[in-house]
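Residues in the sequence shown are numbered from 15 upward in steps of one, following my numbering. Data block below; observations after.
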Amino acid sequence: MAAAGNCARFAAKPLVHGGTPAPLWVAGAALEALKPLDWAGCARLVVVAPHPDDETLGLGATCAQLAASGIDVQVVSASDGGAAVPGATPSERYRLETTRKHELARATDLLGVRPPTSLGLPDGELADHEDRLADLLTEILAATPGTWCAATWRVDGHPDHEAVGRAAATACARTGDTLLEYPVWMWHWATPADAAVPWERACAVRLSGWAVERKRRAARCYRSQFEPAPGESSPVLPAFVLQRLLAVGEVVFR
């Protein structure tokens, strides 16, 4: 299915509607059939997130586990997430960006990885800056031979996520590095037997319980997303988003 189709599917299934329940994913045969990802040859992993929190929600336990095993893990956030609250004034957006950068620093510290890199590209407009993002990622990847790059899936259903995936694919094509793509919003709009999901490319990361718990704790650093803002009745991300991501584990497309 085309990327535009997945964005339309996500838009048609807003967060207030809950999306595909975690038990449906867990009970399905698709996850059980996934082959484990072999990390042989990965000396360094660069995890590219469209916004602060995507690295933790999509691949946080993997980051913690790899870092503990001695693999160098670097998180790169394409934007600072200032557009998470629609209708925010410029000053409110700046405060949110500052808050989310601090949250990212705390989360990555909990995961045990090196301090994150923030590229500061405009949240909600990453497709317009895709070439620049690809150039920046090329520089980061080229710095160390044997680097693998994990970025959000190119057809995840969110324009920023898809732009990051495309830019990372371009950068890896230039450097010859291995590309992994991790879904975040696919778990919301897709279903276990969905033809839009390339299960033949999917690999599961075998995770330890302590790494999953570290992911849970790191995600809680993002209070700006999981707790209502002053004057608001509901958070940007409902609690079930994290619960579902913890339940399904971590999957990448290779």
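Think of the CB as a built atom: it goes at the ideal place given N, C-alpha and C, for glycine as much as any other residue. Predicted model only: the values in this text are computed from it and were never measured.
Item	Value
Secondary structure, alpha helix (DSSP H): runs of 4+ residues fully inside the segment 77–131	104–125
Boundaries (first-last residue) of the beta strand (DSSP E) holding E195	192–196
Cutoff 8 Å; reference L133; Cβ partners in own chain excluding five residues on either side	V90, S91, A92, S93, L147, L150
Closest by C-alpha distance to A182, when choosing among G223, W203, L140	L140
Beta-carbon spacing of I85, A54 below 8 Å	no
Beta-carbon proximity list for G126, same chain, < 7 Å, skipping 5 on both sides	A78, A81, A82
Pick from D145, P252, G138 that is closest to A233, judged by C-alpha positions	P252
Beta-ladder partner(s) of E21, from DSSP	Residue identity differs from the one stated: residue 21 is Cys in this sequence, not Glu. According to DSSP, which records beta bridges pairwise, C21 is partnered with nothing at all.
Nonlocal neighbours in the same chain, by C-beta distance under 6 Å from A16, ignoring five residues either side	Since pLDDT at A16 reaches only 48, below the 50 mark, its modelled position is unreliable, and no value is offered.
Backbone CA spacing between P37 and R258 [nearest angstrom]	8 Å
Spatially closest choice to N20 from G171, R231, V219, by CA coordinates	G171
Assumed close pair A216, V99 - CB separation to whole angstroms, cut-off 8 Å	Not a contact, Cβ separation roughly 33 Å.
Straight-line gap, P104 to P136 (C-alpha atoms, nearest Å)	13 Å
DSSP beta-bridge partners of W162	L59, T192
Whole-angstrom distance between W39 and T205, CA atom to CA atom	7 Å
V178 vs P64 beta-carbon contact at 8 Å	yes
CB of T76 within 8 Å of CB of E264, strictly	yes
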